[in-house]
Amino acid sequence: MFSNTQIGIDLGTANILVYTKNKGIVLNEPSVVAIDVNTKQVLAIGNDAKNMVGKTPEHIVAIRPLKDGVIADYQVTIDMLKHIMRKVSKTVNLTLRKPNVVVCAPSGATSVERRAIHDAVKNFGARQVDLIEEPIAAAIGADLPVEEPIANVVVDIGGGTTEVAIISFGGVVTSHSLRLGGDQLDDDIIQYVRKKYNLLIGYRTAENIKMEIGYALIDHEEQTMEIRGRDLVTGLPKTITLSSLEIQGAIREPLLSILETIRTTLEDCPPELSGDIVDRGVILTGGGALLNGIQEWIAEEIDVPVHIAPSPLESVAIGTGRSLNIIHKLQKATK
């Protein structure tokens, strides 16, 4: 009587996005859950929980149940998914039917991690759950012709993982996954400020610094930003001014690791597809694609054109949703 409701879910380390066929992206919230340690009760999820990070009493902790793109805390992930599906069902009427769901998993995820993702989604009442590899979802979301026998190179820089893949004829020809992404850049900024200025800052401050004055390794006009934190010597609040050149130095190592992964993947490319890469270039998706100057820097280093996906933050979710129609073709290609 009812057509099957089809949903695509991007289970990201930093954000969870839900895509439906008719309405596009219906939910985009941080993958953060606030829990009462004493009762193990979930108090808030998504934006509400993110606003609590670093600002809660001792018995309440805000955690990320997904680490490096895979499930680190199974029960909390199920609670988060249930909450998210309740929110989505208000937007899209799911009460009448069980949805078919496609979820993306990092290409480096083990069979145990894939099973955990599959079971977590199945547990909130999905009729059928299919997994799709993240780079393929990102490529579909970036409007690349993944089903054709031509090379599509995707660099997906997420919160916890960076995936680099060459896709042709609906499958991954070669790929490398690095368990490092935007979160590592935030970590490095926190450590740098702590060492150099004896100042303790939180993750939200570090993320703001990265977005405002974080630059890939290119020449640029110096910018400054005032930040506040806790002085580790006096224990009192303190304000300092940071320069974009300092931050560039602080995030140098993870950026070089990402570049090395791109190079390694391109070196593994079959010669027949290399010509396509020179013509068509590389496409960047994920939140890391928004780092200032990253497009120019990568293009300069690998000597191949580099493009940014139309909506890099949403590419994987859009691709996951669109893949619902061609998931069986894709699965045949990957078998």
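Taking the numbering used here, the leading residue of the sequence shown gets 763, the next gets one more, and so forth.
Note that the Cβ used here is the ideal one computed from N, Cα and C, for glycine as well.
Checklist line | Pair within 8 Å by beta-carbon distance, G731 and P792 | finding: Any property of residue 731 remains undetermined from this structure, which presents the chain solely from 763 to 1097.
Margin query: For G774 and R992, what's the separation of their Cα atoms in angstroms?
Written below: If I take the Cα positions, the gap works out to 30 Å.
Check: If we count the other Cβ atoms within 10 Å of its Cβ and call it buried at 16 or more, is N777 buried or exposed?
Finding: Residue environment: N777 is assigned as buried (16 or more neighbouring CB atoms within 10 Å of its CB, all protein chains considered).
Next item on the list: Compute the Euclidean distance between the alpha carbons of A1079 and T853, then round it to the nearest angstrom.
Entry: CA-to-CA, the gap between A1079 and T853 works out to about 17 Å.
Check: Which full runs of the alpha helix (DSSP H) of 4+ residues lie inside the segment 1018-1045, going along the chain?
Finding: As far as the segment 1018-1045 is concerned, its whole alpha helix (DSSP H) runs of at least 4 residues are 1033-1042.
Next item on the list: Work out the CA separation of R848 and A1071 for me, nearest whole Å.
Entry: Taking the straight line joining both Cα atoms gives about 30 Å.
Check: Roughly how many angstroms separate the alpha carbons of M763 and N862, rounded to a whole number?
Finding: Because the pLDDT at M763 is just 27, under 50, the model does not fix this residue reliably, and the point stays unresolved.
Note to self: Between the alpha carbons of E910 and G932, how many angstroms are there, rounded?
What the structure shows: Computed Cα separation, rounded: 7 Å.
Next item on the list: Report the residue ranges of all beta strand (DSSP E) runs contained in full by the segment 950-1027; include only those spanning at least 3 residues, in chain order.
Entry: Look at the segment 950-1027 and you find these whole runs of beta strand (DSSP E), each 3 residues long or longer: 986-993 and 999-1005.
Note to self: For V780, count the other beta carbons within 10 Å of its own beta carbon; 16 or more makes it buried, fewer makes it exposed. Which is it?
What the structure shows: Classification for V780: buried.
Next item on the list: Would you please state the rounded distance, in angstroms, between the beta carbons of T923 and P999? I believe it to be under 8 Å.
Entry: Actually they do not touch by this definition, with Cβ atoms about 35 Å apart.
Check: By DSSP, does H938 sit in helix, in strand, or in coil?
Finding: The DSSP-derived three-state label of H938 is strand.
Next item on the list: Quick one: give me the first and last residue of the beta strand (DSSP E) that A806 is part of.
Entry: Counting along the chain, the beta strand (DSSP E) containing A806 begins and ends at Q803 to I807.
Next item on the list: Tell whether a beta-carbon distance below 8 Å holds between V838 and I825.
Entry: With contacts defined by Cβ atoms closer than 8 Å, V838 and I825 form a contacting pair.
Item checked: Which listed residue (P1033, R1084, R1025 and E1008) has its alpha carbon closest to that of I1064 -> The residue with the shortest Cα to Cα distance from I1064 is R1025.
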